[in-house]
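Quick note: the sequence shown uses UniProt numbering, first residue 1, plus one each step. Even glycine gets a Cβ: it sits at the ideal position worked out from N, Cα and C. Encoded as structure tokens, the structure appears first; notes follow it.
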Amino acid sequence: YFSCPSQTGVWTASIVASFNAGNDNLKLGTAAGGNILMQSNKTTIGSTSVVADGTLHVHTATAGAWGPDANADDLMVENSADGGISIAVPDINAAYLMFSSPSRTGDYAAYVSGGYNGGTDQLQMGTNGFAPTLFIQSGDVGIGLAPSYKLDLVDDLNGYVARFHNDGNNLNRKGIKITGGADDGSDATTYIILEDGNGDEVGGLEHDTGTVQLFQTSDISLKSKVKNVSFSGINIIKQLKVREFEYKKRPGVKVDGLIAQEVEKIYPRATGVMGDEETKKISHTALIMPLLKGMQEQQAMIEELKIELIALKNK
1 YFSCPSQTGV WTASIVASFN AGNDNLKLGT AAGGNILMQS NKTTIGSTSV VADGTLHVHT
61 ATAGAWGPDA NADDLMVENS ADGGISIAVP DINAAYLMFS SPSRTGDYAA YVSGGYNGGT
121 DQLQMGTNGF APTLFIQSGD VGIGLAPSYK LDLVDDLNGY VARFHNDGNN LNRKGIKITG
181 GADDGSDATT YIILEDGNGD EVGGLEHDTG TVQLFQTSDI SLKSKVKNVS FSGINIIKQL
241 KVREFEYKKR PGVKVDGLIA QEVEKIYPRA TGVMGDEETK KISHTALIMP LLKGMQEQQA
301 MIEELKIELI ALKNK
């Protein structure tokens, strides 16, 4: 025990070594608190009575009956209220948590960093050799880049950049819900905008005047070599075969529609292949042009018949 003349009869600090219940104990403390307990290969900071649940246990107050997971018991911070670890660095600098393993000698495998830079609060996560994967910046989240939107995802890879999968073989397993626009639906609202690789808009999905509709860019300034089509819309319409069928995954459910391979022989512009490069698909919106052309041709025929009918009546 340690004391000083001004603390007559009162100890100010102590070091106590003991052997208890098979454990070697070393206790360091002051009369005002700030205690340390070393027991075998574990250390508690903040108490000489609480045995460490991890290699290093920082104890402010008991949280309850619990213990750390065996995979994360090297450092434990415990409090009966809000608690945590604070890392402070100067502006512009970043505070890091680095993760590594023996095969990454002298280097890191992954990291988490945070700081204040250019007036912006930032949190980043990433792995060695790649740009930060996750950015959280002033409440916005970016994946692959610093965000310009509430959620901003950018990448350069072969394939799809995102996937939403809610599979439970049940009708209640749904996909994506988009909410936006005026509460009473009175205003035109764009829900999805499609852009090409240069960021130029090519189309989208919108709600306007009570109708949900697909749209695509069609401005004359975007087009060249404009001329009238040479195909006969009526001939295409006459050749299209409207079929009744069942999808193999939904036996017993009758569906009316077209067969991609049959349409491909008549009007190939309305067909293509899916992502597997094998399964055929149909773009029903691409069939609007032959249908429109066919209606125009049919109307022209009707007008000719009207003239002929009038001529017959006048004879």
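Within this structure, are the beta carbons of residue i and residue j separated by less than 9 Å?
i       : j       : result
Glu-78  : Ala-65  : no
Gly-115 : Thr-133 : no
Lys-265 : Gly-272 : no
Gly-29  : Asn-23  : no
Ala-17  : Ala-31  : no
Gln-137 : Leu-123 : yes
Asp-107 : Ser-113 : no
Phe-231 : Tyr-191 : no
Asn-117 : Asp-140 : no
Lys-254 : Glu-244 : yes
Thr-189 : His-165 : no
Gly-67  : Asp-73  : yes
Ile-87  : Ala-81  : no
Ala-146 : Thr-127 : no
Gly-199 : Phe-215 : no
Lys-306 : Gly-233 : no
Gly-129 : Phe-135 : no
Tell me, please, which residues DSSP counts as bridged to residue i.
i       : result
Ile-143 : Leu-134, Leu-153
Ser-18  : Asn-25
Glu-297 : Beta-bridge pairing links Glu-297 to no other residue.
Asn-117 : Thr-120
Ser-243 : Note that residue 243 corresponds to Arg in the displayed sequence, not to Ser. Note: Arg-243 sits in a beta bridge opposite Gly-257.
Val-77  : Val-58
Thr-43  : Met-38, Leu-56
Tyr-160 : For Tyr-160, which the question treats as bridged, DSSP gives no partner whatsoever.
Asp-208 : Thr-211
Tyr-1   : The partner list for Tyr-1 (beta bridge, DSSP) is empty, contrary to what the question assumes.
Gln-216 : Gly-203
Tyr-191 : Per DSSP, none; premise fails for Tyr-191.
Ala-110 : Phe-99, Thr-127
Thr-271 : Ile-282
Judging by CA-CA distance, which residue of the options is the nearest neighbour of residue i?
i           : options                            : result
Ala-260     : Gly-252, Ala-270, Pro-251, Lys-254 : Ala-270
Asp-69      : Thr-55, Ser-80, Ala-81, Lys-315    : Thr-55
residue 319 : Asp-184, Lys-315, Lys-238          : Outside the shown range of the chain, which is 1 to 315, sits residue 319, and nothing can be said about it.
Pro-290     : Val-253, Leu-240, Lys-313, Ala-311 : Leu-240
Thr-179     : Asp-200, Pro-147, Leu-205          : Leu-205
Asp-184     : Glu-303, Gly-203, Thr-209, Gly-9   : Thr-209
Ser-186     : Thr-211, Gly-199, Gly-233, Ser-218 : Thr-211
Asn-93      : Ile-85, Met-76, Thr-120, Pro-102   : Thr-120
Gln-296     : Arg-250, Thr-279, Asn-228, Tyr-1   : Asn-228
Gln-213     : Gly-197, Gly-9, Thr-285            : Thr-285
Leu-258     : Arg-250, Lys-249, Lys-248, Val-242 : Val-242
Ile-236     : Gln-298, Leu-312, Met-76, Asn-314  : Gln-298
Gly-33      : Lys-315, Ile-45, Thr-8             : Ile-45
Report all residues from its chain with a CB closer than 6 Å to the CB of residue i; omit the five preceding and five following residues, and keep chain order.
i       : result
Ile-15  : Leu-28
Arg-104 : none
Ser-283 : Ala-270
Leu-194 : Val-202, Gly-203, Gly-204
Val-154 : Gly-144, Leu-145
Asp-196 : Val-202
Lys-47  : Reading off the sequence shown, one finds Ser at residue 47, where the question assumed Lys. The residues are Asn-35, His-59.
Could you pull out every residue in the same chain whose Cβ sits closer than 8 Å to the Cβ of residue i, ignoring the five residues on either side in sequence?
i       : result
Thr-43  : Ile-36, Leu-37, Ala-52, Thr-55, Leu-56, His-57
Gly-175 : Phe-164, Asn-166
Val-226 : Ile-220
Glu-246 : Gly-252, Val-253, Lys-254, Val-255
Tyr-149 : Asp-140
Ala-182 : Thr-189
Ala-162 : Leu-153
Cys-4   : Thr-12
So, for residue i: in the same chain, excluding its five sequence neighbours on each side, which residues have a beta-carbon less than 7 Å away from its beta-carbon?
i       : result
Tyr-1   : Trp-11, Ser-14
Ala-63  : Glu-78, Asn-79, Ser-80
Thr-279 : Val-273
Val-89  : Ala-95, Gly-115
Met-98  : Tyr-108, Tyr-111
Would you say residue i faces chain B, with C-beta separation under 9 Å as the test?
i       : result
Gln-137 : Here chain B cannot be found, since the structure has a single protein chain.
- Task: Inspect the CB distances between the segment 33-40 and the segment 48-56 and report whether three or more fall short of 8 Å.
- Result: yes
- Message: Tell me whether the segment 149-158 and the segment 170-181 touch, counting them as touching only if at least three CB pairs, one residue from each stretch, are closer than 8 Å.
- Response: no
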